[in-house]
Each structure stands twice: as C-alpha cells, then as structure tokens.
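Reviewing the structure listed below.
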Amino acid sequence: MVMKTSREDSSFVSKLHVRETQCPYCSVQCKMTVEEVAGPIAGERRAAYIVEGVPNEASQGRLCVKGMNAHQHALSGQRLLQPLIRRDGELIPSSWPEVTAYIAGRFTSLQNQYGTDAIGVYGGGSLTNETAYLLGKFARVALGTRYIDYNGRFCMSAAASAGSKVFGMDRGLTFRLSDIPLAQCIVLAGTNVAECQPTLLPYFNQAKENGAYIIVIDPRKTATAAIADLHLQIKPGMDALLANIMLKVIMEEGLVNEHFIDARTQGYESLQNALSEIDLEESAVQCGVDLTLIRQAAMAYGQAETGMIMTARGVEQQTDGHLAVRHFLNLVLATGKIGRPGCGYGAITGQGNGQGGREHGQKADQLPGYRSIENAQDRAHVASVWGVAPETLPGKGVSAYEMMEKVHEQEIRALLVMGSNPVVSNPNVRLVEEGLRKLDFLVVADMFLSETAKMADVVLPVTAYLENEGTLTNLEGRVLLREQGRPAPGGSRHDWDILCSIASGLGKASYFQYACAEDIFNELRLASRGGVADYYGMTYERLRREKGIYWPCVSLEDEGEGLLFSERFAHEDGRATFTSELSAGWHDVSREFPLILTNGRVLPHYLTGVQTHRSPTLEARELENFVELHPGTAARHRIMDGEWVEIQSVHGSFTVRARIKEHIREDTLFVPMHWGGIQNVNRATRPDLDPYCRMPGFKTAAVTIRPMRLAR
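According to my numbering, the stretch in the sequence shown is residues -6 to 705, in order.
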C-alpha cells in the first residue's frame, strides 16, 4: 500500500532510509518496512512512501491503518527538533549543553532545599525496555527519589496485580497467539480487539472457522461484538459480579475440574462458601443482563474442552479492577483451562510496550526483572549490578495519579515527564493541571509540543520509532528488537541519551556510561537475571536471528517460554490461588447524575493522540471527539444527532458532539480518550483508586448530559 506525505511535512528529511521497523502503537508490535519512493508515483511536489508489513510470529505480516500511517507523525513538520527553555513566559530555542546544565542545576537546588524526594519522574508504556530500565535507574541512582511511576499504571495494573496474586507471575498472555485458533470457547471481556488490536482479529476469525464459540462482554455492540456468537451487554462496573454468576452456574452444573482444583490450586472451598450467598436472579438484574444469556455463556465456557478468557481496560480500569480480573481467573482455574494449548488467560495490553514497560523498574514498587523494591534480596541483586550499596536505593513510591496529588500538595516540587501526557491521560485532570502549574520546575521529553509540554519550563526533543533502537515486549511476552531506521533529525536525541546527559550534570556520569541501546540491554539482562521477568538469555544477536524470544529466557540456550503453567504455577508451592473476596460493583448514579460515563479507544487514534493527531490520514478519520448515546437517552435529554453537548460529573465537565447510536446501553455514555482541552473526557472522570493496584475508575463515572443550545 502506498501512503503519501507532503514534502512540507517532511522538510527536514532529505531521504528516508528504513530497512525494517516496528509499529509504535499497540501491543501486537507489527513489523514493517517504510520506503521513500521518487518518480511519477510521487509527482513533482510530493514525497511518497511505501509501507509494507513484514511476516512475523505475532502479526503474520498484517498492518492496521495506524501502522500504515505511523511514518506520517515521524515525518511531521510539527516535530520538535531543538530543546526549548521558557523565558519571560515563552518557550524559546536553546542548546543541549545549556538545557542539561540548567536541568541538573535546578534539580540539585530543589533537592538541597526540599529533600531528594522533591523530584518526581513520570514515564510511559511506549518507551523501549532500555529506556524504561534506565528511567528507573535514573530516578533511584541519579536522583535518589522514591517518586517514579508511569502511565502504564492506567493500563495494566489491575491485571498485573491479579496475575501476580493468582499465578505468582504477571505476563499479558499465558498462551501463545498461535494457540487462539485452538480454543473451543473464547470470552472477550471489556476488550475491543477489532479496533484496538485489529491485526489480531484474524486469529479469532480462524478460531470461529474451527468452530469456536465467542462471547463478548461489553456495554456497547462494538466491532468485536459483531463477530461474537453471544454478546452480554453488561452495565459498566458489574464485571466481577457477572464472572461470579457464570462460575456459580458452572458449579451448579457440575462443570468444574475437580482434579485440577485439588492438584494445582488452593482456596476453592472458601470461594464455594462465598458464592453460596449469591442470588443468581438478583445478581443478573444488577448486571443489566438477562440471566438466561449469562447461563448460556457459562455453559458454553464450562462445557468446552479448551477455552480462553481475555480481559482489557473495560474490566480493568475500575476501582474493583483487581478483583474483577481475579474473579475471571477463578473461572479459568475452576475449569482447569490453563497450561495447555487452546487454553489460558490473557490481559490484552494496550500500549506498545505495556508489558516490558512495567517489568524493568519504572513502576513505583518494582526493580528490573519484575523484582520488588521492598525485597532485601532483590534490592541487593540490582544494587550489585548498578554498583551502589543496597541501602542507598530509595523505597517504594506511589502510583501515577497519587504522584499528581503529591504535585498538587507541593510535596513534589519538580517533575520529569518522558513518553507521557499526564495533563490529558490522568483522571480528574483539573487537579492535575492545577498541580503542574504549582511546580517549581517541569521538564517534558516529547516529539511534539503536547498539552503537558506546553506547560513545561524545559522541553526536550526526542527521537521517533523510525530513529531509535531498542527492544519492546509484546502482549504475549515476546521480546522484539526494533532497529534504527534513519538518523535522528535535527537536534532530537534518544530518551536514554538524554537521561545519561542529565545524570552526568548531576555528578553521576560513572553510573551511566553507555554508547548505544545494546549496552543498556546487556546491563538489563544482568539486572533481570533470576527474576520473574528474566531476560538474561536474550541478546541483540539472538533477537535479530530468531525474530523474537519469549521471557522468561534464563540462558543463551533457552528458547523462552510461550505457553505458561503447563506443570506448575510461579508461586513457591507451585499452586494457583482462588479469591473468595467478592465485589459489590459500582452503583453511584443518582437523580442529579443518572447516567454512567465510560471511555475507550477508536481505531484511528492512540492514547492522548499526541502522535496520531499529527498523522493527516488518521486525523481525517476522526477530527474531533464525540459521545455515543442511545436514541432513548437522547430523546429524554432533548439531544439531536451531531450537536454539541456538555457532560458533567461532580468532578468537572467537558464538551463534545453527540452521536446517537442504537448499539449502546440506555444508561451509558461512551466517549473516546484521545482528545485534550475542553473535549477531554477525563475532565469528568473520578479520581477514586483500586485499593489493590491503584488503578483509577476510568470506566464508571456518574454524569448528566445536556445540549449546549439549552445551556443557561
């Protein structure tokens, strides 16, 4: 497929040299080639690019519309190509020596005045493993601060914490993507792969061709629900209860795998006792789904010889997200559908490196290799690799949104943001905006002048996916190497190189001596060795030759482990753990705020849109934000299709256009998450956090809606 980009958009590039690269967007991490062409196909006034998928184990050579057009943002004329410093209220061009010295000086001054924890570091789930690793080391060694977390907290934390508790290990999929067509029943809960990971859809279509029964649990009739045999149109916030109804039906019908339960799990009797209190009819009413349909889903999954359950943000981005995932995992364990081909659980990661990004130290409580920062042995191992004393490493910090609260309280006085746009992505963004304005010093590293970068004191231009080298870990735990496709344009620099320069200015240069990304990866291998996420057996040479390796990979001879838990789970005793702790779900609507606001993604855009809004082809598909609402809801609130409406909660309000659709529940509003400013859905989301994993409740907020023409 030929994609064209205007010469004006790529004026700083004389020639694009890309052999093979990797899509920067979702967790499939599709491989591709990008080639600039000349001649009649381009015409005299335009540059043109041929983008083709490269066959690989994950995407099998497929690309979606985002991947085919990703080069457009990398070639955009809006790219930042030199550092900026704010002077007299304006961001003006500067030089690298000046900005790195300035940053180091300000950080040192603020820490001398307020203590080492006065500086916070905020990372992202799209950074390479090398940068994520180095960001954690930078925070703990160069700055000595406990305050580091990342936007992946809003993506995978519920599934990650649940997997760790149940299995003793968190990896997105416990199976290989190639196993999906072997499943006789597939439950997709709160995930819309058709729009969010479209290159995975053929796996599910192949499963259907093989006779699989597909169940989709979602408040909307999405493109994914369109391929389902059964759609459970659940009320947002009731996923945990629905999973429990399904399990109780399976128990009553004698479809549990008693041998598996006895041999490989613990806690089942307590769960039985807890579920005995559930009234099926009453619970189904609370879920907003007919009990007959839930029973049909339970029987299909329970009777199938092989089966898979997959969750995503619809289940996880709730204040009971951890328990909701654990109750779906109860279903997996009770039926013994794990550890063999065609079986297992999968958390479908959203961000490109959502899996690897949380494994190597940019999460508040973690050290590389998925080690715990509170474990003495883990601290000692990583400290030995870093060449520091274990007692010098700071302790556990707080989650991403809690960091924003500490910014607002001025406990954190300066913030380094790398690979994220928190002023759009956080819940309750009014508090976040107020907090960032209170900062003494804000540094943002980005390709573009994002909403957060516009508030910064210093903006650092970073390289795009075409220009930086490094590894990323896809949703199935397969580590892939993305090669550098072209030189860094202008004065942009790699994220890891920027961190090394600032560390040098802080007097910590000896700890950050790397000539290339491969040097960092080789240190990461040592730091992760023996950990849950063990990368020690991988090298760049192996990754080039083998085109990807599953972790854990403990030696240079190890092929990695694609199908997990075939013989034992990762807990010390080898057993998986049921939970008997029930969740009542979410019920906070009122007469004043009678509707449930939920949010999610649309096909053309990614995260807060910093990159996709700079792609003309993608931007043309969705120019502005919108709210989907049912015709009955629209009639009650006197709303016409296409008009501007205001949506308000107790936390704030935003304005978008209305789209009246039959495919959504009458009590629910759906708004995409890819826009900032007055169209930002997070102006109305609530800041409540899951007590286990600190995930905000993005998917449920009580709101009201009104047409702007009737606004007083």
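In this text, a Cβ means the ideal position worked out from N, Cα and C, and glycines have one as well.
If you're wondering where the values come from, they're calculated on a predicted model, not measured in any experiment.
Note on Gly118: 16 or more other CB atoms within 10 angstroms of its CB, so buried under the neighbour-count rule. Closest by C-alpha distance to Pro700, out of Leu622, Asn144 and Asp527, is Leu622. Its chain contains Gly498 as the residues whose beta carbon lies nearer than 8 Å to that of Ala94, once the 5 sequence neighbours on both sides are disregarded; these appear in chain order.
In terms of Cβ geometry, Asn122 and Gly362 do not form a close pair [threshold 9 Å].
Annotation: the continuous alpha helix (DSSP H) that includes Leu324 extends over Gly314 to Thr328. His224 is bridged by DSSP to Val209. Between the C-alpha atoms of Gln199 and Asn49 there is a straight-line separation of about 17 Å. In the three-state DSSP reduction, Leu622 falls in the strand class (E or B).
The C-beta distance from Thr466 to Gln348 rounds to 4 Å, short enough to fall under 8 Å. With respect to the 9 Å criterion, Arg351 and Tyr543 are not classified as neighbours on the basis of their beta carbons. Proximity to Glu245 across Asp272, Ile227 and Ile220 peaks at Asp272, based on C-alpha coordinates.
Going by beta carbons, Ser642 and Asn266 fall outside the 9 Å limit. Contact between Val455 and Ile513 is ruled out by a C-beta separation of about 15 Å, above the 8 Å threshold. Between Ala51 and Glu469, the CB-CB gap stays under 9 Å. In the DSSP secondary-structure assignment, Ile653 is bridged to Leu622.
In this structure, Thr693 lies away from Gly204, with their beta-carbon atoms at least 9 Å apart.
Scanning Val391, Ala327, Val638 and Ser494 for the CA closest to the CA of Val242 turns up Ala327. Taking 9 Å as the cut-off, the beta carbon of His315 is found closer than this to the beta carbon of Asp683.
By the CB criterion at 9 Å, Asn421 and Pro680 fall inside the cutoff.
Per DSSP, reduced to three states, the secondary structure at Gly428 is helical.
Of the candidates Asn250, Val114 and Glu275, Asn250 places its Cα closest to the Cα of Glu298. Residue pairing of Gln359 in beta bridges, as defined by DSSP: Ser365. Note on geometry: alpha-carbon atoms of Leu519 and Met301 lie some 34 Å from one another. His252 sits exposed, since fewer than 16 C-beta atoms from the chains shown fall within 10 Å of its C-beta. The distance from the Cβ of Ala627 to that of Ile653 is about 5 Å, consistent with a contact at the 8 Å cut-off. Around the beta carbon of Val282, 16 or more other beta carbons lie within 10 angstroms, which makes this residue buried.
Proximity of the segment 425 to 444 to the segment 158 to 170 falls short of the contact definition, fewer than three beta-carbon pairs being nearer than 8 Å.
In terms of Cα proximity to Arg364, the closest of Lys389, Ala382 and Gly345 is Lys389.
Remark: C-beta atoms of Gln310 and Ala151 approach each other more closely than 9 Å.
Sequence-distant partners of Gly337 (beyond 5 residues in either direction) whose C-beta falls short of 6 Å from its own C-beta, in its chain, are Thr167, Phe168, Met301 and Ile331. Pairing Gly108 with Thr385, the inter-Cα distance amounts to about 14 Å. Segment contact: the segment 176 to 183 against the segment 205 to 224, three or more CB-CB distances shorter than 8 Å; contact assigned.
Rounded to whole angstroms, the gap between the alpha carbons of Val381 and Met149 is 31 Å. In the DSSP assignment, Arg80 falls within the unbroken beta strand (DSSP E) covering Leu77 to Arg80. Taking all protein chains shown into account, Ala67 has 16 or more neighbouring C-beta atoms within 10 Å of its C-beta and is therefore buried. Per the coordinates, the alpha-carbon of Phe619 lies some 14 Å from the alpha-carbon of Thr661.
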